[in-house]
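**Q** Provided herewith is a single structure, encoded as structure tokens, for subsequent inquiry.
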Amino acid sequence: MSPDRRTRPELIRQLQEAEATITALLSGQIDAVVDPKSKSTVLLSRAQDALRKSEDRYRRERDSAQRYLDTAAVIMLALDVNGRITLANRQACSILGWTVDELLGRDWFEMCIPADVRAAARASFRELLAGDLRTRASTVLTRTEGLRRIEWRNTLVRDDAGAVVGTFSSGTDVTEHHQTALALRVANERVRFALETANVGIWDMDYGTGQLRWSETIEAQYGLLPGGFGGRFDDFIALVHPDDREGLAETLGTAMRSGADFTTLHRALLPDGEVRWLSGTGRIQLDEKGKPIRGVGISLDVTDRHLTEERSQQAQKMEAVGRLASGIAHDFNNLLTVILGFADFMAEDVPAGSQHGKDLAEITKAARRGRSLTRQLLAFSRQQILQPTAIEVNDLIAEMSGMFEPLLGENIVVSLAPGSNVPSARADRGQLEQIVMNLVVNASDAMPAGGRITIATADVVLDDHFDDADYAVVPGHYVMISVTDTGAGMTQETKRRLFEPFFTTKPPGEGTGLGLSTTYGIVKQSLGYLRVSSVLNHGTTFEVYLPRWEGPLPAANDSGPAVAPVRALTGTLLLVEDEEGVRKLCGRILNRAGYQVLEATNAYDAERLFLEHGGSIDLVLTDIVMPGRGGPALIRRLRRNAPDVKALYMSGYTDQSIPSQVDSEGDLNFLHKPFEAPELLERVREAVLK
Amino acid sequence: MSKVPAKAGLRLRLYVAGNAPNSLRAIENATAICTEHFAAKYDLEIIDLLVEPQRGLDDGIIVTPTLLKISPLPAHRIVGNLADRSRVLLALASK
Numbered sequence: 024m025s026p027d028r029r030t031r032p033e034l035i036r037q038l039q040e041a042e043a044t045i046t047a048l049l050s051g052q053i054d055a056v057v058d059p060k061s062k063s064t065v066l067l068s069r070a071q072d073a074l075r076k077s078e079d080r081y082r083r084e085r086d087s088a089q090r091y092l093d094t095a096a097v098i099m100l101a102l103d104v105n106g107r108i109t110l111a112n113r114q115a116c117s118i119l120g121w122t123v124d125e126l127l128g129r130d131w132f133e134m135c136i137p138a139d140v141r142a143a144a145r146a147s148f149r150e151l152l153a154g155d156l157r158t159r160a161s162t163v164l165t166r167t168e169g170l171r172r173i174e175w176r177n178t179l180v181r182d183d184a185g186a187v188v189g190t191f192s193s194g195t196d197v198t199e200h201h202q203t204a205l206a207l208r209v210a211n212e213r214v215r216f217a218l219e220t221a222n223v224g225i226w227d228m229d230y231g232t233g234q235l236r237w238s239e240t241i242e243a244q245y246g247l248l249p250g251g252f253g254g255r256f257d258d259f260i261a262l263v264h265p266d267d268r269e270g271l272a273e274t275l276g277t278a279m280r281s282g283a284d285f286t287t288l289h290r291a292l293l294p295d296g297e298v299r300w301l302s303g304t305g306r307i308q309l310d311e312k313g314k315p316i317r318g319v320g321i322s323l324d325v326t327d328r329h330l331t332e333e334r335s336q337q338a339q340k341m342e343a344v345g346r347l348a349s350g351i352a353h354d355f356n357n358l359l360t361v362i363l364g365f366a367d368f369m370a371e372d373v374p375a376g377s378q379h380g381k382d383l384a385e386i387t388k389a390a391r392r393g394r395s396l397t398r399q400l401l402a403f404s405r406q407q408i409l410q411p412t413a414i415e416v417n418d419l420i421a422e423m424s425g426m427f428e429p430l431l432g433e434n435i436v437v438s439l440a441p442g443s444n445v446p447s448a449r450a451d452r453g454q455l456e457q458i459v460m461n462l463v464v465n466a467s468d469a470m471p472a473g474g475r476i477t478i479a480t481a482d483v484v485l486d487d488h489f490d491d492a493d494y495a496v497v498p499g500h501y502v503m504i505s506v507t508d509t510g511a512g513m514t515q516e517t518k519r520r521l522f523e524p525f526f527t528t529k530p531p532g533e534g535t536g537l538g539l540s541t542t543y544g545i546v547k548q549s550l551g552y553l554r555v556s557s558v559l560n561h562g563t564t565f566e567v568y569l570p571r572w573e574g575p576l577p578a579a580n581d582s583g584p585a586v587a588p589v590r591a592l593t594g595t596l597l598l599v600e601d602e603e604g605v606r607k608l609c610g611r612i613l614n615r616a617g618y619q620v621l622e623a624t625n626a627y628d629a630e631r632l633f634l635e636h637g638g639s640i641d642l643v644l645t646d647i648v649m650p651g652r653g654g655p656a657l658i659r660r661l662r663r664n665a666p667d668v669k670a671l672y673m674s675g676y677t678d679q680s681i682p683s684q685v686d687s688e689g690d691l692n693f694l695h696k697p698f699e700a701p702e703l704l705e706r707v708r709e710a711v712l713k
Numbered sequence: 010m011s012k013v014p015a016k017a018g019l020r021l022r023l024y025v026a027g028n029a030p031n032s033l034r035a036i037e038n039a040t041a042i043c044t045e046h047f048a049a050k051y052d053l054e055i056i057d058l059l060v061e062p063q064r065g066l067d068d069g070i071i072v073t074p075t076l077l078k079i080s081p082l083p084a085h086r087i088v089g090n091l092a093d094r095s096r097v098l099l100a101l102a103s104k
């Protein structure tokens, strides 16, 4: 028997035993193992205990980790490289609204990212896997279709070999914060919008660094481009109008010492020479030693408001001058009328070449100058009576052009640029002539070294965007006359005060300062507009806009003054005048001319005299303003019984309502005081013959 | 189960580890099987390897509980708590 044969069954048996041992082991029937090395028996229960303990510890750690994950106020989320969820803590479930089991294994992006940002989120995830660990914020979609804003901090999960197998992220729900930030941004935006719209600029000054920061709005207020401000206090002062620097520095200095709020109003001198008014409010913080730390404030462009106020003051000033002028003009004109009249009488008896004759001529000259001044004052104060007619401005300017040459220097060229199809203007011819003359003389004065004056006319339609300094424009057709010079132009200051009475840029003694204010007054009284544009060193353009004549055009006739027939005048006149000097003068002039004159000092006497003389009175010559009943009322009463009675009014200045009163009676016979004998006689003759 | 005729000299050794649960059950089961099937004609030696580990080593025992049939030959080992009586009887009867 070979040993092999004996051992084969033995081997089989041993194998069977080994198998049985393994089976027993697997079925938990084994208690201990004999360890040949240590020659000891080791209870499996101990090993199992150890294992169990190890497992327990692992479980405790795991539970503790899970508890940590679950109690964490943040979302814990792990994804594999494909974006499938491998871990989600309770906070994640709570915010997302899914259970852990519902989340695990699902595609995070399909399940929890809104479709519209899904592609972007996946791209961001790929960046993260590539090692870009920056904090990211994303919007997540909850089970109930809610949206939350989550800010993620991320790390990569690697296997033992260091290969990236997924991501681990903690997420903070910043929805409320995000909304607050959004709301804050909206609020900021709103404030910024409000400030910008209101043209309010903001500045702040750090006294530690000397840095002065300006908003773009302030930069714009000072005519700078965004970012154009230098950033130092001196840069600021350099932009302030030189005349206002001292006052501004003083205000700021006081504020820096006191720490009290301050307000400023100063002019900014823009790089293009424009001047703007800026109003500011600010506050400077001081430290405990009273040293300034920081200043903040706002700046507001109040140019328009300031100019409006200035204009309003200007208008008030002009109104006041006007009232004063009209107040004295009446009496003054009566005096001048009397002086001129009686001087005229005396001149008839005194040889012109004698000393008395020369003196009389001086008296007459002075009185005429006085009369001219009074008229200008009244024109400016819009108190004089205008007699508007239809005027062909092209014809008028053509006629006038002959008058310019002697007035203007040799080196001044006047060119006319009449517009075509210019309609008739509605204006007082004499006054319009004065306007054109004033503007031409003014233009000439602006060009001491010579130049060109262009007078143009045009038919213009004004809409309510027309920029008139003082008045809202009534839209419609206007006749425009412009006078342009190539002179020195005007400074802002001159432009602002241009129409102010007695304002003049000419040396004392030259010019009354009434030319342009008269022009202004006439244009305004004619319901027209006046616009000035001027570029320093390039010239000035005055544009006069007059209303179009709307009525039927009068038949063309010779507008030249009728030549008075040289013959004795006859007729009976009723002269009504409260001012004794004027009454006596008129009586004497008219008497000498051949009229029968009945004199009355008031409307009541006049009415009595009229009745006494029945139908023998050819003309009533009456003052408009008298104590008691005025001229127009007198004429109305007389016409009740004698509808055909003729009337000629004498008038100084008076109230603007009077022309319309008289106008309503259907005639407009006026004699402006002061007048001289020939004028009186001509007007009376016209009126009697009418 | 029918009674197996007692054979002279049935000698068994049961290796156990203290009073570990499977060891106690193996002692219980071995005693019951012997009493039941071999009447008094058996010799069952119980060896606690926690006390005498060397004896286990000597007999080539790897785990407890193990029942070793010494005689009659051939020797045979049964590993486990001996709860499967048919398997135990088959092993004891094997030749």
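Just so you know, the sequences run in chain order A and B. Quick note on numbering: the first sequence equals residues 24 to 713 in my numbering. Quick note on numbering: the second sequence equals residues 10 to 104 in my numbering. The beta-carbon is built from N, C-alpha and C at its ideal position, and this holds for glycine as well.
1) Nearest to A:T64 by alpha carbon, out of B:V60, B:E54 and B:A41?
2) What first and last residue would you give for the beta strand (DSSP E) that runs through A:Q52?
3) Three Cβ pairs or more, each shorter than 8 Å: is that satisfied between the region 179-194 of chain A and the region 209-216 of chain A?
4) Which whole-angstrom value is the C-beta distance of A:T509 and A:M470, which I expect to be below 8 Å?
5) Could you say which of A:L439, A:T190 and A:D227 lies nearest to A:A421 if we only look at CA atoms?
6) How long is the line joining the alpha carbons of B:Y24 and B:K50, rounded to whole angstroms?
7) Since B:I70 meets chain A, which of its residues come closer than 7 Å, beta carbon to beta carbon?
8) Kindly indicate which three-state DSSP category A:W131 falls into: helix, strand or coil?
9) For B:H85, is the classification buried or exposed, using 16 other Cβ atoms within 10 angstroms of its Cβ as the cut-off for buried?
10) Determine the contact status of A:N417 and A:T480, defining contact as a CB-CB distance below 8 Å.
11) Where does the unbroken beta strand (DSSP E) through A:H695 begin, and where does it stop?
12) Quick one: which unbroken beta strand (DSSP E) runs of 3-plus residues sit fully inside the region 254-316 of chain A? Chain order, please.
13) Between the beta-carbon of A:V104 and the beta-carbon of A:L152, is there less than 8 Å?
14) Run through chain B and tell me which residues come within less than 9 Å of A:L66, C-beta to C-beta.
15) If contacts are defined as beta-carbon pairs under 8 Å, then A:A450 and A:R571 qualify, I think. What distance do you get, rounded to the angstrom?
16) Would you kindly report the start and end of the unbroken beta strand (DSSP E) that includes A:G474?
17) Could you check the C-alpha separation between A:V445 and A:V464 for me, to the nearest Å?
18) Mind pulling the chain B residues with CB within less than 7 Å of A:A153?
19) Our contact map puts A:N356 next to A:G604 with C-beta atoms below 8 Å; I'd like the distance itself, whole angstroms only.
20) I need the DSSP call for A:N434, collapsed to helix, strand or coil.
21) Pick helix, strand or coil for B:L59, following the three-state DSSP scheme.
22) Please name the residue in A:P315, A:G276, A:Q378 and A:T593 whose C-alpha comes closest to that of A:E709.
23) Measure the C-alpha to C-alpha separation of A:A578 and A:A221 and round it to an integer number of angstroms.
24) Identify the residues that DSSP records as bridge partners of A:A450: which are they?
25) Bridge partners of A:N664, per DSSP?
26) Count the other CB atoms within 10 Å of the CB of B:H46; is the residue buried (16 or more) or exposed (fewer)?
27) I'd like to know whether the C-beta of B:V97 is nearer than 8 Å to at least one C-beta of chain A.
28) CB B:A92 to CB B:R20, shorter than 8 Å?
29) In chain order, what residues of the same chain lie with their CB nearer than 8 Å to the CB of B:D68, ignoring the 5 residues before and after it?
30) Spell out the partners DSSP gives A:F191 in its beta bridges.
31) Going along the chain, which residues of its own chain have a beta-carbon closer than 7 Å to the beta-carbon of B:A15, five neighbours each way excluded?
32) Can you name the residues of chain B whose CB is closer than 9 Å to the CB of A:K15?
33) So, for A:R129: in the same chain, excluding its five sequence neighbours on each side, which residues have a beta-carbon less than 7 Å away from its beta-carbon?
34) Quick one, are the C-beta atoms of A:N112 and A:A138 less than 8 Å apart?
35) Please report how far the alpha carbon of A:I612 lies from the alpha carbon of A:E705, in whole angstroms.
**A** Checking against the coordinates, here is how it stands:
1) B:V60
2) First-last for A:Q52: undefined, no H or E at that position.
3) no
4) 6 Å
5) A:L439
6) 20 Å
7) V57
8) helix
9) buried
10) yes
11) F693 to H695
12) 285-292 and 298-309
13) yes
14) A26, G27, A29, L59 and T73
15) A:A450 to A:R571, Cβ: 10 Å. No contact.
16) G474 to L485
17) 24 Å
18) Here the premise fails: no neighbours, minimum Cβ distance about 54 Å.
19) About 11 Å separates the two Cβ atoms, so there is no contact after all.
20) coil
21) coil
22) A:T593
23) Interpretation of A:A578 is limited by its pLDDT of 48, a score under 50 that renders its predicted location unreliable; the figure taken from the coordinates is listed afterwards. Spanning the two alpha carbons is a distance of roughly 57 Å.
24) A:T412
25) Looking at the DSSP assignment, A:N664 forms no beta bridge with any residue, so it has no partner.
26) buried
27) no
28) no
29) R22, Y24 and L77
30) A:A101 and A:T178
31) Confidence at B:A15 is low in this model, with a pLDDT of 44, below 50, so its placement is unreliable and the value that follows should be read with caution. Excluding positions up to five away in sequence, the list reads F47, A48 and K50.
32) With chain A covering only 24 through 713, there is no way to say anything about residue 15 of chain A.
33) R107 and I108
34) no
35) 12 Å
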